[in-house]
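Chemist:
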Amino acid sequence: ELLRDVETLKGKLQDFDRRLPKRQELGGFLRDISASLSHENLSNQAIEPGKPTQEDLLLTLPIVLKFRGSYASVARFLERIDRLERLTRVQKLSVVPAPSDDLLDVTVQMNIYFIES
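Residues in the sequence shown are numbered consecutively from 710, following my numbering.
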(Lines of atoms letter the chains of each structure in order from A and count residues from 1; the text may use other names and numbers.)
(Lines give C-alpha, C1' and ligand atoms only; values in the text may rest on other atoms or scores of the structure.)
Protein backbone atom coordinates (compact mmCIF):
# COMPACT_ATOMS: atom_id res chain seq x y z
CA GLU A 1 0.00 0.00 0.00
CA LEU A 2 2.87 2.37 0.79
CA LEU A 3 4.48 1.72 -2.62
CA ARG A 4 1.18 2.49 -4.34
CA ASP A 5 0.93 5.78 -2.41
CA VAL A 6 4.51 6.69 -3.39
CA GLU A 7 3.73 6.05 -7.07
CA THR A 8 0.57 8.17 -6.81
CA LEU A 9 2.55 11.03 -5.28
CA LYS A 10 5.21 10.74 -8.01
CA GLY A 11 2.48 11.09 -10.65
CA LYS A 12 1.12 14.20 -8.96
CA LEU A 13 4.61 15.69 -8.75
CA GLN A 14 5.14 15.18 -12.50
CA ASP A 15 1.92 17.08 -13.21
CA PHE A 16 3.03 19.87 -10.86
CA ASP A 17 6.32 20.12 -12.77
CA ARG A 18 4.37 20.88 -15.97
CA ARG A 19 2.44 23.65 -14.23
CA LEU A 20 5.60 25.12 -12.68
CA PRO A 21 8.42 24.62 -15.20
CA LYS A 22 12.07 24.53 -14.19
CA ARG A 23 12.90 27.38 -16.51
CA GLN A 24 11.14 30.38 -17.95
CA GLU A 25 9.88 28.78 -21.21
CA LEU A 26 8.35 32.11 -22.19
CA GLY A 27 8.23 31.46 -25.95
CA GLY A 28 5.77 28.58 -25.76
CA PHE A 29 3.57 30.39 -23.27
CA LEU A 30 3.44 33.53 -25.43
CA ARG A 31 2.56 31.43 -28.49
CA ASP A 32 -0.32 29.83 -26.53
CA ILE A 33 -1.61 33.22 -25.39
CA SER A 34 -1.29 34.70 -28.89
CA ALA A 35 -3.14 31.72 -30.40
CA SER A 36 -5.92 32.10 -27.82
CA LEU A 37 -6.26 35.81 -28.56
CA SER A 38 -6.47 35.13 -32.30
CA HIS A 39 -8.88 32.21 -31.83
CA GLU A 40 -11.32 34.52 -30.05
CA ASN A 41 -10.93 37.23 -32.76
CA LEU A 42 -9.59 39.78 -30.29
CA SER A 43 -7.98 42.82 -31.94
CA ASN A 44 -5.44 45.49 -30.94
CA GLN A 45 -3.37 42.76 -29.28
CA ALA A 46 -0.29 43.63 -27.25
CA ILE A 47 1.69 41.26 -25.03
CA GLU A 48 4.28 42.92 -22.80
CA PRO A 49 6.47 40.64 -20.64
CA GLY A 50 8.15 42.32 -17.68
CA LYS A 51 11.29 41.53 -15.74
CA PRO A 52 11.45 38.34 -13.62
CA THR A 53 11.66 38.76 -9.85
CA GLN A 54 12.65 36.25 -7.16
CA GLU A 55 9.93 35.39 -4.62
CA ASP A 56 10.84 32.82 -1.97
CA LEU A 57 11.30 29.51 -3.83
CA LEU A 58 10.24 30.60 -7.31
CA LEU A 59 10.63 33.31 -9.91
CA THR A 60 7.71 35.47 -11.01
CA LEU A 61 7.40 36.98 -14.49
CA PRO A 62 4.77 39.71 -14.91
CA ILE A 63 3.00 39.95 -18.27
CA VAL A 64 0.55 42.62 -19.44
CA LEU A 65 -1.97 41.69 -22.14
CA LYS A 66 -4.01 44.34 -23.97
CA PHE A 67 -6.74 43.64 -26.49
CA ARG A 68 -10.18 44.63 -27.76
CA GLY A 69 -13.21 42.43 -28.34
CA SER A 70 -16.83 41.64 -27.67
CA TYR A 71 -18.02 40.67 -24.20
CA ALA A 72 -18.45 37.02 -25.26
CA SER A 73 -14.97 36.83 -26.85
CA VAL A 74 -13.33 38.40 -23.80
CA ALA A 75 -15.14 35.99 -21.47
CA ARG A 76 -14.05 32.96 -23.55
CA PHE A 77 -10.44 34.19 -23.59
CA LEU A 78 -10.41 34.65 -19.81
CA GLU A 79 -11.80 31.13 -19.44
CA ARG A 80 -8.95 29.85 -21.63
CA ILE A 81 -6.42 31.57 -19.34
CA ASP A 82 -8.03 29.83 -16.37
CA ARG A 83 -7.63 26.43 -18.06
CA LEU A 84 -3.94 26.83 -18.96
CA GLU A 85 -1.60 24.02 -17.91
CA ARG A 86 0.92 26.57 -16.75
CA LEU A 87 0.54 28.08 -13.30
CA THR A 88 -0.68 31.66 -13.81
CA ARG A 89 -2.39 34.28 -11.69
CA VAL A 90 -4.32 37.30 -12.91
CA GLN A 91 -3.25 40.20 -10.71
CA LYS A 92 -5.44 42.92 -12.22
CA LEU A 93 -8.18 43.07 -14.84
CA SER A 94 -9.37 46.31 -16.42
CA VAL A 95 -12.37 46.32 -18.76
CA VAL A 96 -13.64 49.57 -20.28
CA PRO A 97 -15.97 50.29 -23.21
CA ALA A 98 -14.13 50.97 -26.46
CA PRO A 99 -14.65 54.44 -27.96
CA SER A 100 -16.74 53.00 -30.81
CA ASP A 101 -18.85 49.91 -31.46
CA ASP A 102 -20.03 47.55 -28.73
CA LEU A 103 -16.52 46.35 -27.95
CA LEU A 104 -14.43 46.35 -24.78
CA ASP A 105 -10.83 47.41 -24.23
CA VAL A 106 -9.21 44.96 -21.84
CA THR A 107 -5.93 45.02 -19.91
CA VAL A 108 -4.88 41.90 -18.02
CA GLN A 109 -1.91 42.04 -15.66
CA MET A 110 -0.86 38.49 -14.86
CA ASN A 111 2.08 36.57 -13.47
CA ILE A 112 3.59 33.29 -14.58
CA TYR A 113 5.89 31.33 -12.30
CA PHE A 114 8.93 29.11 -12.77
CA ILE A 115 11.79 27.67 -10.78
CA GLU A 116 15.46 27.90 -11.64
CA SER A 117 16.90 24.80 -13.24
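All C-beta atoms, glycine included, are put in the ideal place defined by N, C-alpha and C.
Applying the 10 Å Cβ sphere with the 16-neighbour rule, what's the burial state of Tyr780?
Modeler: With fewer than 16 Cβ atoms within 10 Å of its Cβ, Tyr780 is classed as exposed.
Chemist: Round the Cβ separation of Ile756 and Ile772 to the nearest angstrom and send it over; I've been treating them as touching at under 8 Å.
Modeler: Indeed they touch by this definition, with Cβ atoms about 7 Å apart.
Chemist: Is the CB-CB distance between Ile742 and Leu774 below 9 Å?
Modeler: Yes; because the gap between Cβ atoms is below 9 Å, this pair is in contact.
Chemist: Can you tell me which residues form a DSSP beta bridge with Glu764?
Modeler: Paired residues: Leu767.
Chemist: So, helix, strand or coil for Leu751, using DSSP?
Modeler: Here Leu751 sits in coil by DSSP.
Chemist: Ignore the nearest five residues each way along the sequence and tell me which others in Thr762's own chain have a CB closer than 6 Å to its CB.
Modeler: The residues are Thr769.
Chemist: Which same chain residues, not among the five before or five after Phe786, have their C-beta less than 7 Å away from its C-beta?
Modeler: Excluding positions up to five away in sequence, the list reads Ser745, Leu746, Glu749, Leu751.
Chemist: Ignoring anything shorter than 3 residues, give me the beta strand (DSSP E) runs that lie fully in the region 781-814, in order along the chain.
Modeler: Here the runs fully enclosed are 797-806.
Chemist: Using a Cβ-Cβ cutoff of less than 6 Å, which residues in the same chain neighbour Ser803 once the five nearest sequence positions on both sides are dropped?
Modeler: Cβ neighbours of Ser803 beyond the five flanking positions: Thr816.
Chemist: According to DSSP, is Gly736 helix, strand or coil?
Modeler: It is helical.
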